[in-house]
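> What follows is a single structure, and I will ask about it in a moment.
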Amino acid sequence: MRIVIIDDSGARATVLEEGLRDAGYDDIHVVPPRGAFVARLERMAPDVVLMDLGNPSRDTLEEMLTVSRALAKPIAMFVDQSDDSMIGAAIDAGISAYVVDGLRKERVKPILDLAIRRFNAFARMQTELDEARTQLADRKTIDRAKAILMSSRGLSEPDAYALLRTTAMNQGKKMVDVAQALITASDLLGGMS
Amino acid sequence: MTPIRVAFLGLTDSAVLVAAREKGFAEEQAVALDLVRAESWATLRDRLVYGQVHAAHMLAPLAVAVTLGLSQQPSALSAPYKLNVNGNLIVMAPDFAAALEPDAAVRLNDPLATAHDFANAIGLYHRKPIIGVVHRFSSHSLALRYWLASAGIHPDRDVVLRVLPPSLMVEAMKAGEIDGFTAGEPWGSAAIEVGLAEAVAASERLWQRGVEKVLAFRTDWMEQNPEPVDRLLRGLSAAARWCDEPENRTELSELLARHAYVDQPSELIERALTGRIVARRGESPVDLPDFVLFDREATPFPWRSQALWIYSQLVRWKMVEPSADAEARAGAVFRPDIYRRALADSDTPMPGASMKVEGALEAPLAIGAQRGSITLGPDRFFDGRAFDPDRIAEYIAGFDVP
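Structure, rendered in structure tokens:
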């Protein structure tokens with residue numbers, strides 16, 4: 002069973018590829034959707050093609066599937082058109098799959114199940130990473146604001162922190178926003194930062 | 069408020085949907101309009117067919133193709149509202165355009181002569197010209213094929229048509245992967261602006277009132293939810309009127325320029341809206357006042373004859389086997405009955421008929437209306453042919469190529 006993953010985000014393709022290998026599939030190829038990728042794909046004659054639903058090159062791929070003479074049989078979207086829950090899960094996970102017509106459903110279903118799980122896991126990882134980055138940036142901003150308060154008003158660190166927090170609560174704002182406003186004001190006034 | 073989710077692609081002709089949301093026209097009809105951007109027609113189609121959105125900003129030929137089972141999972145779609153007519157450019161690399169009439173206005177105004185100039189230049193070029201199209205089932209592709217064939221160029225033999233998303237066309241021009249392309253605005257203008265391409269044809273000079281994007285629903289959902297559908301159509305109708313007002317064009321291009329929508333400079337977007345098309349970088353614009361229409365001349369009205377014209381072209385290019393059943397199903401994709409129902413109590417002028425001969429008007433013509441007055445603009449095809457929906461086979465047989 003030859004599986005081709007079309008993806009230009011190296012990380013997501015790797016996550017998916019590893020999962021498939023762990024499950025015992027060994028004929029897996031990752032093709033970035035650039036330049037003459039369609040010709041490459043045609044030479045590979047895959048049984049299953051997996052692609053990110055958000056990739057703008059899906060129309061290019063589908064055109065190849067429509068006109069290609071190299072592929073023996075037309076390729077159809079998703080495994081079984083009647084399997085609505087799986088299609089819904091695939092779309093939610095942001096994955097599209099093309100499968101050689103005639104390939105038995107029970108052979109393809111585990112691949113798609115796995116792809117859905119891996120795509121979801123990858124999306125979760127992305128979200129967590131983004132959140133961690135935001136938290137780190139927020140903490141740096143708050144530290145800078147604290148330093149400004151400490152030096153300009155002679156406050157201790159806990160008092161500077163308490164002042165930022167009370168101000169945020171009184172104004173119904175997030176602490177990081179109050180801290181950012183303080184830094185901006187301080188910069189404008191030419192104060193230390 | 070009824071939530072309605074509509075998928076769209078980041079193009080200038082998503083204007084009516086964007087205005088309906090951003091200028092409150094949908095909200096006035098108690099519709100909470102959620103616009104979901106898709107990056108490919110395939111994904112927009114899947115989201116509609118598999119029920120993740122209620123409606124979509126769709127290429128009219130794609131709506132017909134999905135209904136006929138020509139584009140992945142078959143699904144009966146309905147288009148009760150046209151989001152625009154016209155709005156596309158055919159552009160080519162300066163190398164290639166050098167063989168054409170140098171005066172851009174003359175070139176754009178005489179597509180037949182330009183097609184023949186292009187035909188003569190093909191043999192002199194070092195390879196078969198590769199032209200980017202956005203989708204097999206796009207109005208752009210059908211118009212390009214029609215235009216090439218008018219000069220004896222067979223689109224499947226004498227040139228290579230390569231499907232690429234509009235957003236990647238400029239990059240493909242830069243990399244030399246394509247020699248030209250046809251796409252909805254602002255992508256033609258974007259390539260012109262960086263000097264990679266020149267305009268060689270404008271859709272409004274190929275077919276003066278060419279069917280373009282429609283609002284497509286899954287037929288079953290549309291029929292089960294008549295009341296929200298009607299309210300959405302009324303909101304879109306008000307939005308379309310706003311979009312066509314010349315004094316709103318700057319604001320509209322700024323709305324469309326936002327990251328969430330087209331994400332391109334408003335100055336580029338405004339060219340299509342004002343019909344002032346810069347055909348070659350640095351030149352003064354060519355006036356094409358009907359470059360894109362949203363509301364006037366009853367633009368949104370889904371004439372069944374226009375769906376049948378699409379069917380005639382699909383048959384012509386052997387994309388579908390002709391049959392009475394396919395013809396009936398293709399024609400039924402356009403739903404003037406829903407349009408009439410939704411706008412029954414409004415002051416929107418309403419055509420009396422649902423079909424007409426396409427391409428027969430050389431000058432504006434007042435037509436019979438159930439309410440108000442309607443003047444249709446000239447709707448000629450550049451080769452002078454007219455499409456009579458009652459004589460489709462004869463019409464198709466009348467073309468020399470293929």
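Protein sequences, first through last, are from chains V and X.
Numbering-wise (this note's numbering), the first sequence opens with residue 2 and increments by one.
Numbering-wise (this note's numbering), the second sequence opens with residue 69 and increments by one.
The beta carbon of each residue, even a glycine, is placed where N, CA and C say it ideally should be.
1. Just checking X:Arg403 against the ligand PLP - is the residue's beta carbon closer than 7 angstroms to any of the ligand's heavy atoms?
2. Do we get a CB-CB distance below 8 angstroms when we pair V:Ser194 with the residues of chain X?
3. Once the 5 residues before and after X:Trp215 are set aside, which same chain residues still bring their CB inside 8 angstroms of it?
4. What is the DSSP secondary structure of V:Ala133, counted as helix, strand or coil?
5. Quick one, which of X:Ala189, X:Pro417 and X:Ser380 has its alpha-carbon nearest X:Ile221's?
6. Return the CA-CA distance between X:Phe359 and X:Ser271, expressed in angstroms with no decimal places.
7. If you reduce the DSSP assignment to three classes, tell me which class X:Ile406 lands in.
8. Going along chain V, which residues have a C-beta under 7 angstroms from X:Gln120?
9. Smallest Cα separation from X:Glu252: which of X:Lys281, X:Met241 and X:Leu264?
10. Could you give the residue range of the alpha helix (DSSP H) that holds X:Lys424?
11. Have a look at X:Asp102, X:Thr80 and X:Asp81 and flag the residue whose alpha-carbon is nearest the alpha-carbon of X:Glu90.
12. Give the straight-line distance between the Cα atoms of X:Ser207 and X:Val134, rounded to the nearest whole angstrom.
13. With distances taken from CA atoms, which of V:Ala40, V:Asp60, V:Asp48 and V:Leu183 is nearest V:Ile143?
14. Under 9 angstroms Cβ-Cβ, which residues of chain V neighbour X:Ser321?
15. For a quick check, are the C-beta atoms of X:Leu510 and X:Trp109 less than 8 angstroms apart?
16. Kindly indicate if chain V contains any beta-carbon less than 8 angstroms away from that of X:Ala434.
17. Compare the C-beta of V:Ile88 with all C-beta atoms of chain X and state if any pair is closer than 8 angstroms.
18. Name, please, each residue of chain V whose Cβ falls closer than 9 angstroms to the Cβ of X:Asp102.
19. How long is the line joining the alpha carbons of X:Pro472 and X:Val84, rounded to whole angstroms?
20. Identify the continuous alpha helix (DSSP H) that holds X:Thr70 and give its terminal residues.
21. Could you tell me if X:Ser391 is buried or exposed, where buried requires 16 or more neighbouring beta carbons within 10 angstroms of its beta carbon?
22. Considering just the uninterrupted stretch of the beta strand (DSSP E) at X:Arg230, what are its terminal residues?
23. Name, please, each residue of chain A whose Cβ falls closer than 7 angstroms to the Cβ of X:Trp109.
24. For X:Val227 and V:Ile88, I'd like the C-alpha separation in whole angstroms.
25. Got a sec: is the Cβ-Cβ distance from X:Arg73 to anything in chain V below 8 angstroms?
26. Name the chain V residues whose beta carbon is nearer than 7 angstroms to that of X:Ser235?
27. Would you list, in chain order, the members of the segment 196 to 211 of chain X that have their beta-carbon closer than 8 angstroms to a beta-carbon of chain V?
28. Taking the beta strand (DSSP E) that V:His30 falls in, what are its first and last residues?
29. For V:Ser194 and X:Thr318, what's the separation of their Cα atoms in angstroms?
With the given structure in hand:
1. Only the bare structure without any ligand can be found here, which leaves the ligand PLP out of the picture.
2. For V:Ser194, the predicted model reports a pLDDT of 43, less than 50, meaning its position is unreliable and no value from the coordinates is stated.
3. Cβ-Cβ distances below 8 angstroms link X:Trp215 to Ile158, Pro179, Ala183, Ala269, Leu274 and Phe450 in the same chain, with the five nearest sequence neighbours on each side left out; the list follows chain order.
4. Three-state result, V:Ala133: helix.
5. When each option's Cα is compared against that of X:Ile221, the closest is X:Ala189.
6. Rounded to whole angstroms, X:Phe359 to X:Ser271 spans 8 angstroms at the Cα level.
7. Reduced to three states, the DSSP call for X:Ile406 is helix.
8. Using a Cβ-Cβ cut-off of 7 angstroms, X:Gln120 is close to Ile92 of chain V, given in chain order.
9. The question names Glu, but residue 252 of chain X is Gly in the sequence shown. The shortest CA-to-CA distance from X:Gly252 to any of X:Lys281, X:Met241 and X:Leu264 is the one to X:Lys281.
10. No alpha helix (DSSP H) contains X:Lys424, which DSSP labels as neither H nor E.
11. Residue X:Asp102 is the option with its Cα nearest to X:Glu90.
12. The C-alpha of X:Val134 is placed about 14 angstroms away from the C-alpha of X:Ser207.
13. For V:Ile143, the nearest C-alpha among the options comes from V:Leu183.
14. Within chain V, no residue comes near X:Ser321; the closest Cβ sits about 23 angstroms away, beyond 9 angstroms.
15. With chain X running from 69 to 470 in the structure shown, residue 510 of chain X is simply not present.
16. No, because no Cβ of chain V sits closer than 8 angstroms to the Cβ of X:Ala434.
17. So, interface residue.
18. Within chain V, no residue comes near X:Asp102; the closest Cβ sits about 16 angstroms away, beyond 9 angstroms.
19. Residue numbering for chain X in the displayed model covers 69 to 470; residue 472 of chain X lies beyond these limits and cannot be assessed.
20. Segment Thr70 to Leu77 is the beta strand (DSSP E) holding X:Thr70; no alpha helix (DSSP H) there.
21. Within 10 angstroms of the beta-carbon of X:Ser391 lie fewer than 16 other beta-carbons, which makes it exposed.
22. Counting along the chain, the beta strand (DSSP E) containing X:Arg230 begins and ends at Val228 to Val231.
23. Looking for chain A here will not work: the only protein chains present are V and X.
24. Rounded to the nearest whole angstrom, the CA to CA distance from X:Val227 to V:Ile88 is 37 angstroms.
25. Using a CB distance cut-off of 8 angstroms, X:Arg73 does not count as an interface residue toward chain V.
26. Chain V residues near X:Ser235: Pro57.
27. Residues passing the 8 angstroms Cβ filter: Val202, His203 and Arg204.
28. Boundaries of the beta strand (DSSP E) around V:His30: Ile29 to Val32.
29. Note that V:Ser194 has pLDDT 43, beneath the 50 cutoff, so the model's placement of it is unreliable and the number below is only indicative. Those two C-alpha atoms are separated by around 41 angstroms.
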